[in-house]
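Same order as they appear, the protein sequences are chains S and U.
The first sequence maps to residues 2 to 186 in my numbering.
The second sequence maps to residues 2 to 186 in my numbering.
Single-structure report; data block below.
Number of protein chains: 2
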Amino acid sequence: MRKKNPEKAALILEAARQLILQEGAAAVSTTKVARAVGIAQSNIYIYFKSKDDMLRQVYKDAQTRIQTYFVENQPDTTDIRPAIIGYIDCMYGFATHDFATFEVLHQIKAIPEAHWTREIADAQAPVALIRSGIETGILRPVAPAVHMSIVFNAVRQCVLSQKAGEVTDFAMVRDMLLAAVFMPD
Amino acid sequence: MRKKNPEKAALILEAARQLILQEGAAAVSTTKVARAVGIAQSNIYIYFKSKDDMLRQVYKDAQTRIQTYFVENQPDTTDIRPAIIGYIDCMYGFATHDFATFEVLHQIKAIPEAHWTREIADAQAPVALIRSGIETGILRPVAPAVHMSIVFNAVRQCVLSQKAGEVTDFAMVRDMLLAAVFMPD
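Quick look at the structure:
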């Protein structure tokens with residue numbers, strides 16, 4: 002049994018991230034990742050059981066990064082309305098702070114075979130918050146995934162448009178999102 | 002010069018579509034498509050200049066299918082407000098009518114290198130309609146791509162949630178979208 006080196010595992014995950022950003026998550030293979038790190042393909046399997054296991058780790062790592070940012074930046078409240086507004090603002094804050102990780106999440110979620118992204122995402126705090134918001138009549142009663150998808154994709158497209166030089170004020174996108182997710186008075 | 006066979010071209014495009022739906026657009030290669038059709042890889046190049054050219058044709062073909070549906074189902078009006086409502090309803094109608102094509106569009110748009118999807122999409126009628134809506138103060142003034150992304154992804158997630166057995170009424174998602182895109186009174 003070959004000895005594991007935590008630094009090597011980190012290098013593999015970083016190479017996988019870069020490949021995802023350049024070519025898309027579905028294009029990632031252990032062959033390409035091994036070539037990028039400069040190791041034999043068989044060495045990947047010392048650290049990860051399969052390509053799917055490697056992508057799952059990249060996804061979990063990206064989820065940890067976004068969660069850490071949310072914990073540090075979200076308003077400290079149990080009140081649903083400000084917590085939801087904080088969630089939207091944090092999503093934009095994170096997208097401008099670390100767009101690469103934001104994009105890695107988007108790319109991995111797009112893989113048709115990666116059903117586990119839904120399970121990992123469903124266990125996160127926002128889903129529980131959205132469910133409480135729906136139960137208390139504050140949020141519109143649609144699947145939490147619809148709320149999250151609208152927020153994530155609007156923020157993503159807002160940042161992409163800004164990067165493309167198109168004038169799109171987040172304040173206006175934020176108004177769209179608040180009107181979309183909250184029940185009207 | 003080998004002779005082109007239009008039926009062979011259609012078989013190649015259909016095989017590419019199936020691969021996109023199973024593995025994601027970034028995972029498509031001319032090798033895999035050739036294997037699925039049962040032809041030599043070099044034969045693909047009789048019909049398509051490159052993998053990118055093949056994906057572009059699949060994307061254009063999917064755009065044609067969605068446009069045809071819209072032309073047949075959208076209300077015949079030049080009035081912006083009902084035209085936008087018709088656009089949202091048609092998007093849902095198309096997603097339930099032909100989810101495979103809807104998903105092919107989603108998958109190809111997700112490829113990091115496919116910058117041409119934006120050019121092809123920008124030339125479509127909805128962008129002109131959204132621009133008029135913004136100019137006349139009917140729609141919120143954000144990049145048209147933000148409007149389109151919100152509508153497309155909310156509809157997609159609504160249909161995915163329904164397929165997963167979660168109760169999500171399109172009428173409620175429609176209300177979210179109308180509140181999101183239109184300027185409040």
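Heads up, the beta-carbon is just placed ideally off N, CA and C, and yes, glycines get one too.
No experiment lies behind these values; they were computed from the predicted model shown.
For residue 69(U), the first and last residue of its enclosing alpha helix (DSSP H): Against the second sequence, residue 69(U) aligns to sequence position 68. Counting along the chain, the alpha helix (DSSP H) containing residue 69(U) begins and ends at 52-74.
contact_flag[the stretch 72-84 of chain U, the stretch 174-185 of chain S] where n(CB pairs < 8 Å) is 3 or more: At 8 Å Cβ cutoff, the stretches do not touch.
Amino acids of chain S, ordered along the chain, whose beta-carbon sits closer than 9 Å to that of residue 185(U): Position 184 of the second sequence, counted from the start, is the residue given in the question as residue 185(U). Near residue 185(U) (Cβ distances below 9 Å), the residues of chain S are 176, 180.
Residues of its chain near residue 63(S), where Cβ-Cβ distance is below 7 Å and the 5 sequence neighbours each way are ignored: Taking the first sequence and counting its residues from 1, the one referred to as residue 63(S) is at position 62. Only 102, 105, 106 meet the Cβ criterion.
Beta-carbon neighbours of residue 132(U), restricted to chain S and to distances below 9 Å: As a position in the second sequence, residue 132(U) is number 131, starting the count at 1. Correct list: empty, because the minimum Cβ distance to chain S is about 12 Å.
Contact list for the stretch 129-155 of chain S against chain U, Cβ threshold 7 Å: Residues 141, 142, 143, 144, 146, 147, 150, 151, 154, 155.
Any non-hydrogen atom of the ligand NAP within 8 Å of residue 43(U) CB: With respect to the ligand NAP, the structure shown offers nothing to examine, as it has no ligands at all.
Same chain, Cβ closer than 6 Å to residue 52(U), five either side skipped, listed in chain order: Indexing the second sequence from 1 puts residue 52(U) at position 51. Only 31 meet the Cβ criterion.
Simplified DSSP state of residue 183(U), which is helix, strand or coil: Counting from one through the second sequence, the residue named residue 183(U) turns up at place 182. Correct three-state label for residue 183(U): strand.
Alpha helix (DSSP H) segments (min. 4 residues) lying fully within the stretch 124-185 of chain U: The qualifying runs are 126-136, 145-164, 171-182.
Chain U within 9 Å of residue 26(S), Cβ atoms only: Here residue 26(S) refers to the residue found at position 25 of the first sequence. It does; some Cβ of chain U falls within 9 Å.
Nonlocal neighbours in the same chain, by C-beta distance under 7 Å from residue 22(U), ignoring five residues either side: Counting from one through the second sequence, the residue named residue 22(U) turns up at place 21. Only 101, 104, 105 meet the Cβ criterion.
Same chain, Cβ closer than 6 Å to residue 75(U), neighbours up to 5 away in sequence not counted: The residue given as residue 75(U) occupies position 74 in the second sequence. Hits under 6 Å: 87, 91.
Closest residue to residue 73(S) among 13(S), 50(S), 98(S) (Cα-Cα distance): For the purposes of this step, residue 73(S) is identified with residue 72 of the first sequence, where counting begins at 1. The residue among 13(S), 50(S), 98(S) with its C-alpha nearest the C-alpha of residue 73(S) is 98(S).
Residues that residue 17(S) contacts on chain U, provided the C-beta gap is smaller than 9 Å: Against the first sequence, residue 17(S) aligns to sequence position 16. Result: empty, since nearest Cβ-Cβ is about 13 Å, beyond 9 Å.
Every unbroken alpha helix (DSSP H) within the stretch 83-127 of chain S, with a cutoff of 4 residues, ordered by chain: Listed in chain order, the complete alpha helix (DSSP H) runs (minimum 4 residues) inside the stretch 83-127 of chain S are 100-111, 117-123.
Any chain U beta carbon closer than 9 Å to residue 85(S): The count along the first sequence starts at 1 and reaches residue 85(S) at position 84. So, not an interface residue.
The stretch 156-175 of chain U in contact with the stretch 129-146 of chain S per 3-pair CB rule at 8 Å: Below 8 Å, enough C-beta pairs join the stretch 156-175 of chain U and the stretch 129-146 of chain S to call them touching: three or more.
Inter-residue Cα distance where the pair is residue 120(S) and residue 67(U): On the first sequence, residue 120(S) is found 119 positions in, with the first residue counted as 1. On the second sequence, residue 67(U) is found 66 positions in, with the first residue counted as 1. Going by the C-alpha atoms only, they are around 31 Å apart.
9 Å Cβ cutoff met for residue 38(U) and residue 12(U): Reading the second sequence from its first residue, position 37 is the one you call residue 38(U). Reading the second sequence from its first residue, position 11 is the one you call residue 12(U). Going by C-beta atoms, residue 38(U) is nearer than 9 Å to residue 12(U).
Under 8 Å by beta carbon: chain U residues contacting residue 173(S): Position 172 of the first sequence, counted from the first residue, corresponds to residue 173(S). Per Cβ cutoff of 8 Å: 141, 142, 143.
Buried/exposed call for residue 148(U), threshold 16 Cβ in 10 Å: Here residue 148(U) refers to the residue found at position 147 when the second sequence is read from its first residue. Here residue 148(U) is buried. Its C-beta has 16 or more other C-beta atoms within 10 Å.
For residue 109(S) and residue 60(S), believed in contact at Cβ under 8 Å, the rounded distance: On the first sequence, position 59 is the one that residue 60(S) refers to. On the first sequence, position 108 is the one that residue 109(S) refers to. Confirmed, Cβ separation roughly 5 Å.
Min CB distance residue 112(S) to chain U below 9 Å: Taking the first residue of the first sequence as 1, we reach residue 112(S) at position 111. Chain U places a beta carbon closer than 9 Å to that of residue 112(S), counting this residue as a contact.
Own chain residues within Cβ distance below 6 Å of residue 42(U), not counting five before or after: Taking the first residue of the second sequence as position 1, residue 42(U) is located at position 41. Residues 31, 32, 35 of the same chain have their beta carbon placed closer than 6 Å to that of residue 42(U), with the five preceding and five following residues left out of the count.
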